[in-house]
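Under numbering that gives the first Met the number 0, residues 0 to 100 are what the sequence shown spells out, in order.
Don't be surprised by glycine CBs; every beta carbon is placed ideally from N, CA and C.
Note that the structure is a prediction, hence the values are computed from the model and not measured.
Reading through the structure tokens given below for one structure.
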Amino acid sequence: MSLTVLIVGGYGVFGARLARLLADEPRLRLLIAGRSAARAGDFCARWAQAGGAVLEPAVFDRDGDAVQQLAVLAPDLVVDCSGPFQAYGEAPFRLVEACLS
């Protein structure tokens, strides 16, 4: 049984670092997500390794309909590594709230 982890901002500076650290763990399915399907796909192709976590690209826009996007991806755990962190605006907890709904 694997745990599906959605890393929003997964190919950015912080998300990529986390994904690379978790890539050795065969019990994980890592959804490397951001606004660019191409960048997510490139990251997965570069860092996937035999016997490690399953890396899958995903499109996720933090400013979009997070509830709907989460319903489609169905992660067990969400890590928000998207930035810039100072630009969350009026609803800094919208992704957390979407996860809880």
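Residues that DSSP places opposite PRO91 in a beta bridge: Position 92 of the sequence shown, counting from 1, holds the residue named residue 91. In the DSSP output, where bridge partners are listed per residue, PRO91 has none listed.
Continuous beta strand (DSSP E) stretch holding LEU32: start and end: Position 33 of the sequence shown holds residue 32. One detail in the question is off: residue 32 reads as Ala in this sequence, not Leu. Here the beta strand (DSSP E) through ALA32 covers 27-33.
Distance, Cα to Cα, VAL58 vs ASP79? Along the sequence shown, one-based indexing puts residue 58 at 59. Along the sequence shown, one-based indexing puts residue 79 at 80. Spanning the two alpha carbons is a distance of roughly 13 Å.
Distance check for PRO91 and ALA47, CA to CA, integer angstroms please. Reading the sequence shown from its first residue, position 48 is the one you call residue 47. Reading the sequence shown from its first residue, position 92 is the one you call residue 91. Looking at the two C-alpha atoms, the distance is approximately 32 Å.
The beta strand (DSSP E) that contains ALA52, what's its start and end? Walking along the sequence shown from the start, residue 52 turns up at place 53. Looking at the DSSP string, ALA52 is not in any beta strand (DSSP E), and its letter there is neither H nor E.
With distance defined between alpha-carbon atoms, name the residue in ILE6, VAL4 and GLN67 nearest to ALA97. The residue labelled residue 97 in the question sits at position 98 within the sequence shown. Of the candidates ILE6, VAL4 and GLN67, the one whose C-alpha sits nearest the C-alpha of ALA97 is GLN67.
Given a cut-off of 7 Å, decide if LEU29 and VAL4 are closer than it, judged by their beta-carbon atoms. To locate residue 4, count along the sequence shown from 1; it is residue 5. To locate residue 29, count along the sequence shown from 1; it is residue 30. Cβ atoms of VAL4 and LEU29: closer than 7 Å.
Taking 8 Å as the limit between beta carbons, can you name the residues of its chain near GLY51, skipping five residues before and five after? Position 52 of the sequence shown, counted from the start, is the residue given in the question as residue 51. Excluding sequence neighbours, GLY51 sits near ALA22, ASP23, GLU24 and PRO25.
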